[in-house]
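Numbering (our numbering), first residue to last: 138 to 345.
From the three backbone atoms N, C-alpha and C, an ideal C-beta is built for every residue, glycine too.
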Amino acid sequence: MSIMTGTIKTYNSRRHSKFLAECLFSNYIQMKSSSYHMSIHLTCTQNTYGLLNSGSPYSACWRFFEPRGVHIHQLGQTMLKQLVEKCYVQKPLDMFSMTAGKLTGLDQSGPKLASIICRGIEQAKDVQLGELLFACGIYGVEEEEAWLLAKRFSNLEALYGASIDSLMSYNLLNEAVAVNTYNFFRHPLNVSALNELQTEGGLKVRHG
């Protein structure tokens with residue numbers, strides 16, 4: 138079975154169209170490096186298979202703190218953009234050590250709003266697995282796929298060890314998205330970021 142052919146047949150929805158080129162290129166490189174298409178190896182450290190470590194602070198943080206992800210009450214795009222531009226936030230982990238003083242100094246902010254957001258940050262630390270998986274921005278994993286993965290695998294440890302076959306079982310993910318998900322959870326930068334969010338950021342992931 139060809140990964141590329143399967144991808145072209147599967148990717149008909151406009152929702153996933155922006156991920157097509159990324160998935161095709163990723164799969165093509167991996168096919169070239171292996172005689173058996175289910176034996177997947179990371180071939181480029183620059184491709185982390187998701188937005189969490191994409192190298193774009195704003196894109197990574199906005200996806201992470203989107204309402205469908207690890208949502209922080211009253212944190213909007215304008216404020217997040219200011220935080221990134223001032224280098225207060227360069228990755229999602231930075232938000233969990235944010236101070237009211239930094240927030241107060243932003244445009245269209247003040248002590249009251251800063252206090253609300255700080256409370257929102259604390260509340261956001263209690264997150265469901267489906268929300269966290271969406272927040273990671275794995276290429277091809279939108280809200281529906283994130284919650285299907287959460288229901289099927291229950292915790293991050295299970296996803297770290299999941300095979301491509303298991304990710305595709307029960308029509309859970311199509312082949313291209315399964316490959317991206319498999320590679321995402323085996324990339325050391327992603328594993329490290331998720332561990333730091335829990336150990337340093339205080340994120341508590343509710344499973345199941």
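Original post:
Name the DSSP beta bridge partners of residue 275, please?
Top reply: Against the sequence shown, residue 275 aligns to sequence position 138. Answer by DSSP bridge pairing, in chain order: 187.
**OP:** Compare the C-alpha of residue 243 against each of 217, 233 and 261 and name the closest.
**Re:** Translated into positions along the sequence shown, residue 243 becomes position 106. Residue 243 has its Cα closest to that of 217, out of 217, 233 and 261.
Subject >> Nonlocal neighbours in the same chain, by C-beta distance under 6 angstroms from residue 196, ignoring five residues either side >> reply: Taking the first residue of the sequence shown as position 1, residue 196 is located at position 59. Closer than 6 angstroms at the Cβ level, and outside the excluded window around residue 196, lie 188.
Subject >> Residue interval of the alpha helix (DSSP H) (run including residue 265) >> reply: The residue labelled residue 265 in the question sits at position 128 within the sequence shown. Where residue 265 is concerned, there is no enclosing alpha helix (DSSP H), although the beta strand (DSSP E) it sits in stretches over 263-265.
**OP:** Could you tell me which uninterrupted alpha helix (DSSP H) segments, each at least 4 residues in length, are contained entirely in the region 260-345, listed from first to last along the chain?
**Re:** 266-272, 280-290, 293-297, 301-305, 312-321 and 325-336
Subject >> C-beta atoms of residue 230 and residue 339 nearer than 8 angstroms >> reply: Within the sequence shown, the letter at position 93 stands for residue 230. Within the sequence shown, the letter at position 202 stands for residue 339. Contact annotation: residue 230 and residue 339 have beta-carbon atoms that are not nearer than 8 angstroms.
Subject >> Simplified DSSP state of residue 204, which is helix, strand or coil >> reply: Along the sequence shown, read from residue 1 onward, the residue named residue 204 stands at position 67. Looking at residue 204 - three-state DSSP - the assignment turns out to be coil, as it is neither helix nor strand.
**OP:** Answer yes if the region 239-259 comes into contact with the region 197-214, meaning at least three C-beta pairs across the two stretches below 8 angstroms, and no otherwise.
**Re:** yes
Original post:
With DSSP run on the structure shown, which of helix, strand or coil describes residue 225?
Top reply: Your numbering for residue 225 matches position 88 in the sequence shown. Reduced to three states, the DSSP call for residue 225 is coil.
**OP:** For residue 200, count neighbouring C-beta atoms within 10 Å of its own C-beta (all shown protein chains included) and say buried if the count is 16 or more, exposed if not.
**Re:** Indexing the sequence shown from 1 puts residue 200 at position 63. Residue 200 comes out buried.
**OP:** Run the CB neighbour count on residue 332, radius 10 Å, all protein chains shown included, and call it buried at 16 or more, exposed below.
**Re:** For the purposes of this step, residue 332 is identified with residue 195 of the sequence shown, where counting begins at 1. Exposed, because fewer than 16 other Cβ atoms sit within 10 Å of the Cβ of residue 332.
Subject >> Rounded straight-line distance, which links the Cα of residue 312 to that of residue 247 >> reply: On the sequence shown, residue 247 is found 110 positions in, with the first residue counted as 1. On the sequence shown, residue 312 is found 175 positions in, with the first residue counted as 1. If you take the alpha carbons of residue 247 and residue 312, they lie about 48 angstroms apart.
Subject >> Sufficient close CB pairs (3 or more, under 8 angstroms) joining the region 279-297 to the region 263-271 >> reply: yes
Original post:
Out of curiosity, what's the CA-to-CA distance linking residue 276 and residue 300?
Top reply: The sequence position of residue 276 within the sequence shown is 139, counting from 1. The sequence position of residue 300 within the sequence shown is 163, counting from 1. Using only the alpha carbons, I get a separation of about 17 angstroms.
Original post:
What is the rounded straight-line gap between the Cα of residue 194 and the Cα of residue 219?
Top reply: One-based indexing of the sequence shown puts residue 194 at position 57. One-based indexing of the sequence shown puts residue 219 at position 82. Cα-Cα distance, rounded: 12 angstroms.
Subject >> Host alpha helix (DSSP H) of residue 241 (start-end) >> reply: Counting from 1 along the sequence shown, the entry for residue 241 is found at position 104. Taken as a continuous stretch (DSSP letters only), the alpha helix (DSSP H) holding residue 241 covers 237-241.
**OP:** Output the distance between the C-alpha atoms of residue 344 and residue 316, rounded to the nearest integer angstrom.
**Re:** Working through the sequence shown from its first residue, we reach residue 344 at position 207. Working through the sequence shown from its first residue, we reach residue 316 at position 179. Each residue's Cα considered, the two are about 23 angstroms apart.
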